[in-house]
Amino acid sequence: MVTKTAIRTARPVARLVRGQPTSDGAGVKLNRVIGGPALPQIDPFLLLDEFGSDDPDAYIAGFPDHPHRGFETVTYMLEGRMRHRDNKGHEGVLESGGVQWMTAGRGIVHSEMPEQSSGRMRGFQLWVNLPARDKMRTPRYQELAADRIPSATLTPGVKATVIAGRFGGIDGAVGEIAVDPLYVDLRLEAGRSFDADLPEGHTAFAYVFEGEAKLGSQTVKQGTLALLGDGDSLPIEAGAAAAALLLIAGRPLAEPVARYGPFVMNTRAEIEQAFADYQAGRL
60 MVTKTAIRTA RPVARLVRGQ PTSDGAGVKL NRVIGGPALP QIDPFLLLDE
110 FGSDDPDAYI AGFPDHPHRG FETVTYMLEG RMRHRDNKGH EGVLESGGVQ
160 WMTAGRGIVH SEMPEQSSGR MRGFQLWVNL PARDKMRTPR YQELAADRIP
210 SATLTPGVKA TVIAGRFGGI DGAVGEIAVD PLYVDLRLEA GRSFDADLPE
260 GHTAFAYVFE GEAKLGSQTV KQGTLALLGD GDSLPIEAGA AAAALLLIAG
310 RPLAEPVARY GPFVMNTRAE IEQAFADYQA GRL
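So the sequence shown is numbered by this note's numbering: it starts at 60 and just counts up by one.
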């Protein structure tokens, strides 16, 4: 009896994008990778910011009260402490290695403020769109400490922390998300390689935030996002130094996007209604 081997299709690197320095909130300095002129969005992802500094002046002002409607925010803290408060009664401190997955739905007003005045603060915030049917759903807040997020050595010298989705036989910590996302922090020691499975048909990208990595035949340097083409796998190899990257994928929504500031809906009229509701205190 002959056993058939499934044919795997490696995703090519379709495009490389460097982030742009900017500031947000009350002046927090960050690197905007998705959401700027070079890459306004990639369905279903609306924004990816990387923040990281040893200088308290770059982050101490934080993100005072601000509203959201129609999408989800995902904050992954590599180093530091950030306190979340919102008008739905949720409060918690996000610490090193922790994740906050907030579904704004029909509306939420929250703040994210540093709980430190010295030391390094470093992490990422990703915005994930919601389908039209879920944009006015009840807001939800999920906060997970580092010890609740599964990590494992997949092969010698290759470690994965799985925030969402299934990767390397590991189920991620966050579930029940509309776009069926994959969100992985993947670390490779120098010269190590790994062939990563990716959901076929999902929009996918890799963001290298330490070292450099070869994705298929393309070398991707630190601070660069690689937008991936179609396929179901991605060969990854670290360079002469260790590499760390975010591997993120999500099911595209293929719906109209109306976006202004902190609101993401499907039509201009819905955006105008969001502003009216915020000004009237209905979020």
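Glycine included, every Cβ here is placed at the ideal spot set by N, Cα and C.
(request) Compute the Euclidean distance between the alpha carbons of residue 95 and residue 79, then round it to the nearest angstrom. (result) Residue numbering aside, residue 95 sits at position 36 when the sequence shown is read from its first letter. Residue numbering aside, residue 79 sits at position 20 when the sequence shown is read from its first letter. When rounded, the distance between both Cα atoms is 7 Å.
(request) For residue 63, count neighbouring C-beta atoms within 10 Å of its own C-beta (all shown protein chains included) and say buried if the count is 16 or more, exposed if not. (result) Counting from one through the sequence shown, the residue named residue 63 turns up at place 4. In this prediction, residue 63 has a pLDDT of 48, which is less than 50 and means its spatial position is unreliable; nothing more can be read from the coordinates.
(request) Give the DSSP bridge partners of residue 170, in chain order. (result) Stepping through the sequence shown from its first residue, residue 170 is reached at position 111. Per DSSP, the beta bridge partners of residue 170 are 144.
(request) For the alpha helix (DSSP H) containing residue 341, list its first residue and its last residue. (result) Here residue 341 refers to the residue found at position 282 when the sequence shown is read from its first residue. Residue 341: not part of any alpha helix (DSSP H); DSSP gives it neither H nor E.
(request) Figure out for me which residue from 153, 323, 190, 208 has the closest Cα to the Cα of residue 173. (result) Reading the sequence shown from its first residue, position 114 is the one you call residue 173. For residue 173, the nearest C-alpha among the options comes from 153.
(request) Tell whether a beta-carbon distance below 8 Å holds between residue 101 and residue 262. (result) Along the sequence shown, one-based indexing puts residue 101 at 42. Along the sequence shown, one-based indexing puts residue 262 at 203. Going by C-beta atoms, residue 101 is nearer than 8 Å to residue 262.
(message) Pop quiz: residue 170 and residue 124 are said to be a contact at Cβ under 8 Å. What is the actual Cβ separation, rounded to whole angstroms?
(response) As a position in the sequence shown, residue 170 is number 111, starting the count at 1. As a position in the sequence shown, residue 124 is number 65, starting the count at 1. In this structure residue 170 touches residue 124 by the C-beta definition: roughly 5 Å separates them, less than 8 Å.
(request) Would you decide whether residue 320 is buried or exposed? Buried here means 16 or more other CB atoms lie within 10 Å of its CB. (result) Within the sequence shown, the letter at position 261 stands for residue 320. Answer is exposed; the Cβ neighbour count stays below 16.
(request) With residue 272 as the anchor, note down where its beta strand (DSSP E) starts and where it stops. (result) Position 213 of the sequence shown, counted from the first residue, corresponds to residue 272. Where residue 272 is concerned, the enclosing beta strand (DSSP E) stretches over 272-274.
(message) Helix, strand or coil, according to DSSP, for residue 159 in the structure here?
(response) Position 100 of the sequence shown, counted from the first residue, corresponds to residue 159. If DSSP states are grouped into helix, strand and coil, residue 159 belongs with the strands.
(message) Restricting to runs no shorter than 3 residues, where is the beta strand (DSSP E) found entirely within the segment 201-260?
(response) As far as the segment 201-260 is concerned, its whole beta strand (DSSP E) runs of at least 3 residues are 210-214, 217-223, 241-247, 252-256.
(request) Kindly list the residues whose CB is nearer than 7 Å to the CB of residue 329, restricted to its own chain and excluding five residues on each side of it in sequence; keep chain order. (result) As a position in the sequence shown, residue 329 is number 270, starting the count at 1. 317, listed in sequence order.
(request) Report the rounded CA-to-CA distance for residue 249 versus residue 222, giving the unit in angstroms. (result) Position 190 of the sequence shown, counting from 1, holds the residue named residue 249. Position 163 of the sequence shown, counting from 1, holds the residue named residue 222. Rounded to the nearest angstrom, the two C-alpha atoms are 24 Å apart.
(request) Please look up how many angstroms separate the CB atoms of residue 310 and residue 230, rounded, as I've assumed it's under 8 Å. (result) Position 251 of the sequence shown, counted from the start, is the residue given in the question as residue 310. Position 171 of the sequence shown, counted from the start, is the residue given in the question as residue 230. Between residue 230 and residue 310 the Cβ distance is about 17 Å, and since that is not below 8 Å, they are no contact.
(request) Please determine if the segment 150-167 and the segment 193-212 are in contact, where contact requires at least 3 C-beta pairs separated by less than 8 Å. (result) Segment contact: the segment 150-167 against the segment 193-212, three or more CB-CB distances shorter than 8 Å; contact assigned.
(request) Would you give the residue range spanned by the beta strand (DSSP E) that residue 197 belongs to? (result) Within the sequence shown, numbered from 1, the residue matching residue 197 stands at position 138. Element bounds for residue 197: n/a, residue is neither H nor E.
(request) With 8 Å as the threshold, decide whether the Cβ of residue 91 is near any Cβ in chain D. (result) The structure shown has no chain D; it contains just one protein chain.
(request) Go through its chain and collect everything with a Cβ distance to residue 118's Cβ below 6 Å, but skip five positions before and after it. (result) Within the sequence shown, the letter at position 59 stands for residue 118. Once the five neighbours on either side are set aside, the close Cβ partners of residue 118 are 87, 112, 173, 180.
(request) Classify residue 327 as helix, strand or coil using the three-state DSSP reduction. (result) For the purposes of this step, residue 327 is identified with residue 268 of the sequence shown, where counting begins at 1. Note: residue 327 maps to helix in three-state DSSP.
(request) State the start and end residues of the unbroken beta strand (DSSP E) segment that holds residue 280. (result) Here the question's residue 280 lines up with position 221 in the sequence shown. From DSSP, residue 280 is part of no beta strand (DSSP E); its letter is neither H nor E.
(message) Let me make sure I understand the geometry here. Which of 110, 145, 139 has the alpha-carbon closest to that of residue 205?
(response) As a first step, residue 205 must be located in the sequence shown, where it is residue number 146. Closest by alpha carbon: 139.
(message) Classify residue 99: buried if its beta carbon has 16 or more other beta carbons within 10 angstroms, exposed otherwise.
(response) As a first step, residue 99 is located in the sequence shown; it is residue number 40 there, counting from the start. Residue 99 comes out exposed.
(request) Could you name the residues that DSSP lists as bridge partners for residue 391? (result) Since the first and last residues shown for the chain are 60 and 342, residue 391 lies out of range.
(request) Compare the Cα-Cα distances from residue 155 to each of 149, 312, 148, 141 and report the closest residue. (result) Within the sequence shown, the letter at position 96 stands for residue 155. Restricting attention to 149, 312, 148, 141, the CA atom closest to the CA of residue 155 is found in 141.
(message) Relative to the C-alpha of residue 313, which candidate in 333, 116, 247, 260 has its C-alpha closest?
(response) Here residue 313 refers to the residue found at position 254 of the sequence shown. With respect to the C-alpha of residue 313, the residue from 333, 116, 247, 260 having the closest C-alpha is 260.
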